[in-house]
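Going line by line, the protein sequences match chains H and F. If you're matching positions, the first sequence starts at 1 in UniProt numbering and goes up one per residue. If you're matching positions, the second sequence starts at 1 in UniProt numbering and goes up one per residue. Beta carbons: idealized from backbone N, C-alpha and C, even for Gly. If you're wondering where the values come from, they're calculated on a predicted model, not measured in any experiment.
Number of protein chains: 2
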Amino acid sequence: MDQLCPRFEKAMVLLSTRWVGLILFELLKGAKRFSEMEADLPISGRLLSDRLKLLEKEGIVERNIYSEFPVRIEYTLSEKGKALEPVIKDIQRWAEEYVSADDAADNEVK
Amino acid sequence: MDQLCPRFEKAMVLLSTRWVGLILFELLKGAKRFSEMEADLPISGRLLSDRLKLLEKEGIVERNIYSEFPVRIEYTLSEKGKALEPVIKDIQRWAEEYVSADDAADNEVK
DNA sequence: ATACATTAGTTACGAAAAGTAATCTAATGA
DNA sequence: TCATTAGATTACTTTTCGTAACTAATGTAT
């Protein structure tokens, strides 16, 4: 039995947190507002708020406030966040090659 | 608001399932028995059992029974499972570069 | 001044899911 | 009968989730 690298384990736990992957995917496309993400992702406002706070705390997401009318708040990826792009891209490639349309349907139907 | 690709969403949900990443990491090192994984990973037997069943159902993990004394059961990655290696490697690289030792400590201390 | 609209959350709370440890089952050979 | 491996089951606690209502800041209309 060998030890897990603590940094790896930490990364894994973070990235395994529900919705974190999808939020990263969303932000890789560019800056997003709270309400845009809420509309795009199958996630409630409460959870989205929780996750954004978590990702901000971890230095992965940045929160920018623009004092316009009405107030506009944009979320973007930090350098640390952008560095996760290869992970997301690999998952996309894998999904295209190995996840069948039928498998994917399981998610919807419930 | 654009639609999420169902295959990608399915892959993301699967890979975001708690412990799945660590189990894949473990199996990328080679065939493992139930008790080895239980010892290596911070996860109870019940959950390990659940996750292995899930991964087997998804065609990612294979379960091989050897009728020896005592019975030996080994888990290995299928081709579909091995194809996830780049994802895990990317996460390792990212963790080494961006997760500080202090951050990693958060995981342990609780 | 008062009331309303807009964006971005927060809070409260019950329901559901996930977590654990400990104990039980089953197959097989010594 | 006991030991070994693998896992299922039970009983229980903890965490997480989703809905819906509420807050806060700011500008606009009356």
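Residue burial classification, residue i (beta-carbon count within 10 angstroms, cutoff 16)
{"i": "A95(F)", "result": "buried"}
{"i": "Y75(F)", "result": "buried"}
{"i": "E68(F)", "result": "exposed"}
{"i": "D90(F)", "result": "buried"}
{"i": "E58(H)", "result": "buried"}
{"i": "A39(F)", "result": "exposed"}
{"i": "Y98(H)", "result": "buried"}
{"i": "K10(H)", "result": "buried"}
{"i": "R7(H)", "result": "buried"}
Nearest to residue i (by Cα), restricted to the options the options
{"i": "K29(H)", "options": "R51(H), G81(H), S16(H) and D102(H)", "result": "G81(H)"}
{"i": "S44(F)", "options": "V61(F), A11(F), K57(F) and I23(F)", "result": "I23(F)"}
{"i": "D50(H)", "options": "T17(H), E36(H) and P86(H)", "result": "T17(H)"}
{"i": "residue 111(H)", "options": "C5(H), F34(H) and R93(H)", "result": "As shown, chain H starts at 1 and ends at 110. That puts residue 111(H) outside it, with no answer to give."}
{"i": "E36(H)", "options": "A83(F), L41(F), S100(F) and Q3(F)", "result": "Q3(F)"}
{"i": "P42(F)", "options": "K32(H), P86(H) and M12(H)", "result": "M12(H)"}
{"i": "I73(F)", "options": "A83(F), A31(F) and E85(F)", "result": "A31(F)"}
Residue i - containing alpha helix (DSSP H), residue span
{"i": "L15(H)", "result": "P6 to L15"}
{"i": "L24(H)", "result": "V20 to L28"}
{"i": "A39(H)", "result": "F34 to D40"}
Neighbourhood of residue i by C-beta, 6 Å cutoff - its chain only, sequence neighbours within 5 removed
{"i": "L77(F)", "result": "L27"}
{"i": "L55(F)", "result": "V61"}
Same chain only: Cβ atoms within 7 Å of residue i, ignoring 5 sequence neighbours per side
{"i": "L47(F)", "result": "W19"}
{"i": "R93(F)", "result": "none"}
8 Å Cβ shell around residue i - same chain, five flanking residues per side excluded
{"i": "V71(H)", "result": "I65"}
{"i": "G21(H)", "result": "L15, I88 and I91"}
{"i": "K110(F)", "result": "Any reading at K110(F) needs caution, since the residue's pLDDT is 36, under 50, leaving its predicted position unreliable; the model's value is listed next. For K110(F), where only same-chain residues beyond five positions count, there are no Cβ hits under 8 Å."}
{"i": "E85(H)", "result": "L28"}
Extent of the continuous beta strand (DSSP E) run through residue i
{"i": "I60(H)", "result": "Per DSSP, I60(H) belongs to no beta strand (DSSP E) and is neither H nor E."}
Residue i Cβ short of 8 Å to the ligand ZN heavy atom set
{"i": "R18(H)", "result": "This structure lacks the ligand ZN; in fact it carries no ligand of any kind."}
Task: Length at least 3, wholly inside the segment 68 to 110 of chain H: the beta strand (DSSP E) runs in chain order - done: The DSSP assignment places 72 to 77 as complete runs of the beta strand (DSSP E) inside the segment 68 to 110 of chain H, in order along the chain (cut-off: 3 residues).
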